[in-house]
Amino acid sequence: MGTPLDTRTAQAEEVLERLYEEYPDTTISLSYSNRLELLIAVMLSAQCTDERVNTVTAELFEKYDTAEDYAAADQEELAEDINSITYFNNKAKYIRSACADIIEKHDGEVPDTMSELTDLAGVGRKTANVVLQHGHDIVEGIVVDTHVQRLSRRLGLTDEEYPERIEEDLMPVVPETDWQQFTHLFISHGRAVCNARNPDCDACVLEAICPSSKLDHDVDLASGDEW
Ligand code: SF4
Numbered sequence: 018m019g020t021p022l023d024t025r026t027a028q029a030e031e032v033l034e035r036l037y038e039e040y041p042d043t044t045i046s047l048s049y050s051n052r053l054e055l056l057i058a059v060m061l062s063a064q065c066t067d068e069r070v071n072t073v074t075a076e077l078f079e080k081y082d083t084a085e086d087y088a089a090a091d092q093e094e095l096a097e098d099i100n101s102i103t104y105f106n107n108k109a110k111y112i113r114s115a116c117a118d119i120i121e122k123h124d125g126e127v128p129d130t131m132s133e134l135t136d137l138a139g140v141g142r143k144t145a146n147v148v149l150q151h152g153h154d155i156v157e158g159i160v161v162d163t164h165v166q167r168l169s170r171r172l173g174l175t176d177e178e179y180p181e182r183i184e185e186d187l188m189p190v191v192p193e194t195d196w197q198q199f200t201h202l203f204i205s206h207g208r209a210v211c212n213a214r215n216p217d218c219d220a221c222v223l224e225a226i227c228p229s230s231k232l233d234h235d236v237d238l239a240s241g242d243e244w
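Taking the working numbering, the leading residue of the sequence shown gets 18, the next gets one more, and so forth.
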């Protein structure tokens with residue numbers, strides 16, 4: 018059918034209900050055992066799969082323990098330790114710089130406000146939101162990664178292209194109590210069914226309410242291109 022509900026609020030509610038049913042236990046897929054590890058893992062995960070990050074951090078977190086360890090690390094050595102990850106040179110620089118700030122300005126503790134987190138090198142709103150939600154139990158916004166970006170557009174929940182604008186569209190229509198799970202549900206569905214290149218609309222629990230469904234529509238609203 019591919020017919021969305023009348024309002025974005027109603028559409029978001031219906032989408033959530035269907036996805037909760039489909040992915041009842043979904044959560045963050047990065048491995049970490051404390052806030053610093055969470056921050057490092059999320060910084061590494063930009064433009065990289067969580068799977069690869071988890072493989073790398075399994076050894077990295079054995080070698081480096083505290084913010085001091087990262088701040089004092091040799092740039093080349095740290096870059097080498099993460100060299101199977103995208104943009105490893107820049108990420109090594111950001112990690113060393115962020116950890117130096119954590120020591121200098123935050124007594125070695127990962128800060129717990131959006132502004133302090135986004136002041137750290139290499140930490141944008143998305144990374145800060147993940148750290149706040151999973152490290153501090155503070156939900157200030159909706160994490161918009163590539164899956165949330167694509168699916169929100171396909172499902173008619175936003176027309177915006179950029180993550181921060183998409184987040185601004187989503188926050189008023191998604192109940193605040195669902196902000197954290199919204200991201201994990203969209204990531205699960207994006208990986209399992211509604212992938213970037215070839216979404217499996219035939220098998221999708223959202224097909225009846227999706228204005229991008231290939232069964233009824235010619236255009237992928239995520240890209241604006243014809244299927
Ligand atoms: S798989 Fe198809 S029907 Fe389902 S959300 Fe994606 S584009 Fe819509």
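Even glycine gets a Cβ: it sits at the ideal position worked out from N, Cα and C.
- Straight across, the Cα-Cα distance linking THR103 with VAL73 is about 12 Å.
- Taking the Cα positions, SER230 is about 13 Å away from ARG214.
- Shown here for VAL59: same chain residues with a beta carbon closer than 7 Å to its own, the five before and five after excluded, namely LEU47, THR144, VAL147 and VAL148 in chain order.
- Setting aside the 5 residues that flank it on each side, CYS218 is surrounded in the same chain by GLU224, SER230, LYS231 and LEU232, each with a C-beta closer than 6 Å to its C-beta; the list follows chain order.
- Distances from the alpha-carbon of GLU126 to those of SER132, CYS116 and THR135 put CYS116 closest.
- Here the C-alpha atom of THR20 lies approximately 15 Å from the C-alpha atom of ARG35.
- According to DSSP, ASP242 shares a beta bridge with ASP237.
- In this structure the segment 179 to 195 does not lie against the segment 82 to 102, because fewer than three pairs of beta carbons, one per stretch, are closer than 8 Å.
- Burial state of PRO128 is buried, judged by a 10 Å Cβ sphere holding 16 or more other Cβ atoms.
- Rounded to the nearest angstrom, the gap between the Cα atoms of VAL191 and ALA89 is 42 Å.
- Classified as buried, ALA109 has 16 or more neighbouring CB atoms from the shown chains inside 10 Å of its CB.
- Look at SER132 here: in three-state DSSP terms it is helix.
- For CYS116, the enclosing alpha helix (DSSP H) covers residues 105 to 123.
- Per the C-alpha coordinates, the member of LEU238, ASN51, ASP195 and ASP242 positioned closest to VAL156 is ASP195.
- Boundaries for GLU126: no alpha helix (DSSP H) harbours it, and the DSSP string shows neither H nor E there.
- Annotation: the continuous alpha helix (DSSP H) that includes ASN146 extends over 142 to 153.
- Scanning THR163, GLN197 and SER169 for the CA closest to the CA of ASP154 turns up GLN197.
- A residue is called buried when at least 16 other Cβ atoms come within 10 angstroms of its Cβ; SER50 does not meet this threshold and is exposed.
- Of the residues assessed, GLU54 falls on the buried side of the cut-off, its CB having 16 or more other CB atoms within 10 angstroms.
- By the C-beta density criterion, TYR37 is exposed, having fewer than 16 other C-beta atoms within 10 angstroms.
- Collapsing the DSSP output to three states places MET60 in a helix.
- Not one heavy atom of the ligand SF4 is found less than 6 Å from the C-beta of LEU47.
- Following the DSSP letters along the chain, one finds GLY19 in no alpha helix (DSSP H), marked with neither H nor E.
- At least one heavy atom of the ligand SF4 lies closer than 6 Å to the C-beta of LEU223.
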